[in-house]
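Pasting the structure below:
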């Protein structure tokens with residue numbers, strides 16, 4: 001887990017990241033405070049990237065990929081931060097060491113099994129008679145179709161992943177090769193063996209003719225599952241800085257999920273593009289574990305606000321009962337009950353949430369107004385302290401210290417480029433104007 005933040009105004013960007021990384025093995029978790037989550041993308045352009053979520057793409061650590069990119073293409077200037085992002089993902093496809101074919105196929109095979117699990121989890125059990133003949137075949141096929149069709153409809157509500165916009169289902173079938181046939185062969189019922197094993201979805205077996213009827217729709221559903229922005233990403237890459245044609249800073253979050261058939265599944269939500277302009281002069285962008293940062297910026301801890309909203313209906317019921325009890329006469333009580341019964345509790349709860357959110361938005365707006373006049377140094381102090389407060393809360397409360405360790409801190413300006421203000425290091429490096437940091441990155 002992690003916590004990172006970016007603060008932007010017309011003067012520049014301040015970015016901060018903690019160093020905690022959670023490692024899992026055999027169900028056990030270990031937290032270490034040594035992760036490098038903030039790196040420079042280029043020597044020619046003041047662009048950086050922060051890593052949130054999974055530390056690796058398929059089997060390669062992200063910091064290895066980013067450093068290799070800077071080594072190979074760090075001398076190229078890009079007109080915009082978006083152009084740098086596009087070039088970065090294009091470069092990844094050219095380096096087979098990051099994108100081996102075997103790993104791509106293994107990943108797709110795992111996702112195929114995951115989709116099968118989703119597709120069959122609401123399908124009724126097979127009923128067989130004494131002659132071991134399936135008696136509810138149509139019900140099973142219809143349930144499969146309904147489940148997968150609703151899934152396709154759900155996936156298509158999302159934006160197609162950029163690198164798969166021109167990718168056809170025929171190309172997908174060709175790349176799948178025999179994966180679906182092999183999966184269905186494993187799921188084909190053997191009448192001499194139990195059709196189901198308890199609590200094991202992957203052992204569910206179906207007659208061959210049923211699987212044949214659903215095969216095409218199953219592939220279509222899996223195609224939508226893999227090529228639309230449904231997963232949203234196991235890793236978030238937070239790019240920030242300036243392109244050569246950009247006068248004000250930009251921060252863009254890219255959600256990266258996986259890759260197959262020499263294409264990378266990544267997605268950029270338009271709401272995750274923060275471009276400073278006259279219309280939008282400031283931005284505060286916390287990512288990952290944002291609860292403590294949100295508490296400072298809005299005045300209310302998010303968990304507390306959710307709890308208050310959840311009990312609001314009970315609170316209104318108690319008020320209603322108390323009003324009836326406090327009435328002086330039966331007639332007054334009945335009159336008040338008649339009035340209160342016209343009030344819908346759902347409407348009251350919704351209004352309560354709306355007013356609460358309005359207060360939170362206004363409180364955050366006050367911070368944004370103040371940030372308009374912040375110097376780069378002030379923004380850096382705020383960014384560092386937002387991470388430090390999150391780390392302190394995790395340390396003082398009975399929760400996993402998933403935010404902690406040294407805080408990496410940097411600022412990016414149009415004139416001075418990328419400058420380290422604080423960088424963890426296991427050895428002392430002769431710094432050059434703060435640009436490269438103690439670790440030389």
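Numbering (the UniProt record's numbering), first residue to last: 1 to 441. Ideal Cβ placement from N, Cα and C applies to all residues, glycine included. These numbers were taken from a predicted model, which means no experiment stands behind them.
1) Do you know how far the Cα of residue 7 is from the Cα of residue 285?
2) Kindly list the residues whose CB is nearer than 7 Å to the CB of residue 18, restricted to its own chain and excluding five residues on each side of it in sequence; keep chain order.
3) Under a three-way DSSP split, which group does residue 49 fall into?
4) Could you give the distance in angstroms between the alpha-carbon of residue 76 and the alpha-carbon of residue 84?
5) Going by DSSP in three states, residue 359 sits in which element: helix, strand or coil?
6) Nearest-angstrom Cα distance between residue 234 and residue 259?
7) What would DSSP say about residue 402, mapped onto helix, strand or coil?
8) Around the Cβ of residue 144, are there at least 16 other Cβ atoms within 10 angstroms (buried) or fewer (exposed)?
9) Within the chosen definition, does the region 214 to 229 reach the region 145 to 165 through at least 3 CB pairs nearer than 8 Å?
10) Using only alpha-carbon positions, find the residue among 304, 401, 219 that is nearest to residue 108.
11) Looking at the structure shown, is residue 413 part of a helix, part of a strand, or coil, going by DSSP?
12) In angstroms, rounded to a whole number, what distance separates the CA positions of residue 58 and residue 34?
13) Does DSSP put residue 423 in a helix, a strand or coil?
14) Could you give the DSSP three-state label for residue 44: helix, strand or coil?
15) Once you ignore the five residues that flank residue 294 on each side, which residues in its own chain have a CB closer than 6 Å to its CB?
16) Determine the direct distance from the alpha carbon of residue 94 to that of residue 361, and round the result to whole angstroms.
17) Assuming the contact rule is C-beta atoms closer than 8 Å, residue 411 and residue 13 should be a hit. Round their C-beta distance to whole Å, please.
18) On the three-state DSSP scale, how would you describe residue 207?
19) Please classify residue 105: does DSSP put it in a helix, a strand, or coil?
20) In the DSSP output, which residue or residues are listed as bridge partners for residue 6?
21) Provide the residue span of the alpha helix (DSSP H) that contains residue 173, from first to last.
22) With distance defined between alpha-carbon atoms, name the residue in 261, 181, 117, 52 nearest to residue 96.
23) Skipping 5 residues on each side, what residues in its chain have a beta carbon closer than 7 Å to that of residue 137?
24) If you compare alpha carbons, which of 160, 305, 172 is closest to residue 469?
25) For residue 442, which residues from the same chain have a beta carbon less than 6 Å from its beta carbon, with the 5 sequence-adjacent residues on both sides left out?
26) Mind checking which residues open and close the beta strand (DSSP E) that includes residue 153?
27) Would you call the region 246 to 254 and the region 273 to 283 in contact, with 3 or more CB pairs under 8 Å?
28) Count the other CB atoms, across all protein chains shown, that sit within 10 Å of the CB of residue 249; report buried if there are 16 or more and exposed otherwise.
29) Taking the C-alpha atoms as reference points, what is the distance between residue 422 and residue 367?
30) Looking at residue 292 and residue 389, is the spacing between their C-beta atoms short of 9 Å?
31) What's the call for residue 113, buried or exposed, on a 16-neighbour Cβ count within 10 Å?
32) With burial defined as no fewer than 16 other Cβ atoms inside 10 Å of the residue's Cβ, what is the status of residue 321: buried or exposed?
33) Given a threshold of 16 other Cβ atoms within 10 Å of its Cβ, counted over all protein chains shown, does residue 52 qualify as buried or as exposed?
From the atom records:
1) Residue 285 and residue 7 have their alpha carbons spaced roughly 6 Å apart.
2) If we look at residue 18 and ignore the five residues flanking it on each side, its Cβ neighbours are 2, 3, 387, 391, 403, 404, 405, 407.
3) Looking at residue 49 - three-state DSSP - the assignment turns out to be strand.
4) So the two alpha carbons sit approximately 9 Å from each other.
5) Helix.
6) The straight-line gap from Cα to Cα measures roughly 12 Å.
7) Residue 402 falls in the coil class under three-state DSSP.
8) Label assigned to residue 144: buried.
9) Yes: at least three Cβ pairs fall under 8 Å.
10) When only C-alpha atoms are compared, the closest one is 219.
11) Residue 413 falls in the strand class under three-state DSSP.
12) Approximately 21 Å between the Cα atoms of the pair.
13) In the structure shown, residue 423 sits in coil (DSSP, three-state: anything other than H, G, I, E or B).
14) The DSSP-derived three-state label of residue 44 is coil.
15) Spatial neighbours of residue 294 in its own chain (CB-CB distance under 6 Å, excluding positions within 5 residues in sequence) are listed in chain order as 302.
16) So the two alpha carbons sit approximately 44 Å from each other.
17) With 8 Å as the limit, residue 411 and residue 13 qualify as a contact, their Cβ atoms being about 7 Å apart.
18) Of the three classes helix, strand and coil, the one that applies to residue 207 here is coil, per DSSP.
19) DSSP places residue 105 in helix when its eight states are reduced to three.
20) 15, 285.
21) Start and end: 169 to 176.
22) The candidate whose alpha carbon is nearest that of residue 96 is 261.
23) Hits under 7 Å: 210.
24) The first residue shown for the chain is 1 and the last is 441, placing residue 469 beyond what the model contains.
25) Outside the displayed span of the chain (1 to 441) sits residue 442, for which this structure offers no information.
26) For residue 153, there is no enclosing beta strand (DSSP E); the residue is found in the alpha helix (DSSP H) stretching over 137 to 155.
27) Judged by pairs of C-beta atoms under 8 Å, the region 246 to 254 touches the region 273 to 283, as three or more such pairs exist.
28) By the neighbour-count rule (16 or more Cβ atoms within 10 Å), residue 249 is buried.
29) Their Cα atoms are separated by approximately 24 Å.
30) Between residue 389 and residue 292, the CB-CB gap stays under 9 Å.
31) The residue in question, residue 113, is exposed, as its Cβ has fewer than 16 Cβ neighbours within 10 Å.
32) Within 10 angstroms of the beta-carbon of residue 321 lie fewer than 16 other beta-carbons, which makes it exposed.
33) Buried, since its Cβ has 16 or more Cβ neighbours within 10 Å.
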